[in-house]
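Take a look at the structure set out below.
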Amino acid sequence: MQLITDEDPPRFVQIWPSEATGEWVVREGVLGRAGRLRETGLDPASSPLDELTAPYLERAYAEADVDRYDYVVIQFPMRNSAYDRRLIERASEWLDQYLDERGLGYVDGYDRGKRESGGRIVVNIFARAKDGELGSVAAMAALRKGAADATRATIAHRGVDVDDWTIRYERSSGKLPGGFSL
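Residues in the sequence shown are numbered from 1 upward in steps of one, following our numbering.
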């Protein structure tokens, strides 16, 4: 379960049962920063989730509406199939980890496709984030930490009700001309 506040800066709480110990685990922190992780020592069979969420709900936390998450996309120029498969697998793993530990969101999939400008083939990795700007920053941090060539990536985001993409990081190397497009 994910809870979030409307205060500035927004705070988040994630609660789930640990696969290793079987106890409830709580991660809380400021949205966009790595949260503090702790095991509660409580067994999910004897302590219902409502019991754990009640103190947070009293402090104006609310369940995050996944349908309102912003869209984030990382776009790479295609190299070759083997390289692209590894890139998709690793970058998706890194991004999912960074988004999760910062309470931001999750990886939503990927595709390969032709760009509108030039028709060159690109790899797109899609994510959903509570805040598109913070999601884009986390995406770049994940690529850098994971040793991907972040200079080949363009990272953009847009809100649910917005048609235009905001480019946060633009590719600074590579042979793919033209602006960002999906």
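Note that the Cβ used here is the ideal one computed from N, Cα and C, for glycine as well.
Only a predicted model underlies this, so the values are computations on that prediction, with no experimental measurement involved.
Own chain residues within Cβ distance below 7 Å of residue i, not counting five before or after
i: Thr201; result: Residue 201 lies beyond the residue range present for the chain, which begins at 1 and ends at 182; the question has no answer from this structure.
i: Leu49; result: Met1, Ile15
i: Ala147; result: none
i: Thr5; result: Arg11, Ala60, Tyr61
i: Ser92; result: Val107, Tyr110, Ile125
i: Met140; result: Ala150, Ile155, Tyr169
i: Ile88; result: Tyr110, Val123, Ile125
Inter-residue CB distance, residue i and residue j (contact presumed, cutoff 8 Å)
i: Val184; j: Asp70; result: In this structure the chain extends from 1 to 182, so residue 184 is not present and cannot be described.
i: Asn124; j: Tyr110; result: 6 Å
i: Leu99; j: Leu31; result: Leu99 to Leu31, Cβ: 11 Å. No contact.
Same chain, Cβ closer than 6 Å to residue i, neighbours up to 5 away in sequence not counted
i: Glu101; result: Ala34
i: Gly165; result: One point to set straight first is that residue 165 is Trp, not Gly, in the sequence displayed. Cβ neighbours of Trp165 beyond the five flanking positions: Ala156, Arg158.
Secondary structure of residue i, DSSP reduced to three states
i: Lys130; result: coil
i: Ala147; result: coil
i: Gly32; result: coil
i: Pro55; result: helix
i: Glu63; result: strand
i: Tyr71; result: strand
i: Glu39; result: strand
i: Arg120; result: coil
i: Arg85; result: helix
i: Trp165; result: coil
i: Leu49; result: helix
i: Asp111; result: strand
i: Leu191; result: Here the chain covers residues 1 to 182 and nothing more, so residue 191 does not appear.
i: Ala156; result: strand
i: Pro177; result: In this predicted model, Pro177 has a pLDDT of only 49, less than 50, meaning its place in the structure is not dependable; the value taken from the coordinates is given anyway. Pro177 falls in the coil class under three-state DSSP.
i: Gly22; result: coil
i: Arg27; result: strand
i: Arg11; result: strand
Selection from the options that minimises the alpha carbon distance to residue i
i: Trp94; options: Tyr56, Phe126, Val13; result: Phe126
i: Arg120; options: Val13, His157, Asn80; result: Asn80
i: Tyr61; options: Glu133, Glu7, Ala141; result: Glu7
i: Asp131; options: Gly113, Ala91, Leu87, Val72; result: Val72
i: Glu23; options: Asp43, Pro9, Pro10; result: Asp43
i: Arg90; options: Phe12, Arg144, Glu63; result: Arg144
i: Glu258; options: Pro10, Ala142, Ala150; result: Outside the shown range of the chain, which is 1 to 182, sits residue 258, and nothing can be said about it.
Residue environment, residue i, which counts as buried when at least 16 other CB atoms sit within 10 Å
i: Ala54; result: exposed
i: Pro77; result: buried
i: Ser46; result: exposed
i: Gly113; result: exposed
i: Val137; result: buried
i: Ala142; result: buried
i: Val20; result: Contrary to the premise, residue 20 reads as Ala rather than Val in this sequence. Flag for Ala20 reads exposed.
i: Arg128; result: buried
i: Val13; result: buried
i: Leu37; result: exposed
Close-in-space but distant-in-sequence residues of the same chain around residue i (CB under 8 Å, 5 per side omitted)
i: Leu52; result: Ile15, Trp24, Val26, Thr40, Leu42
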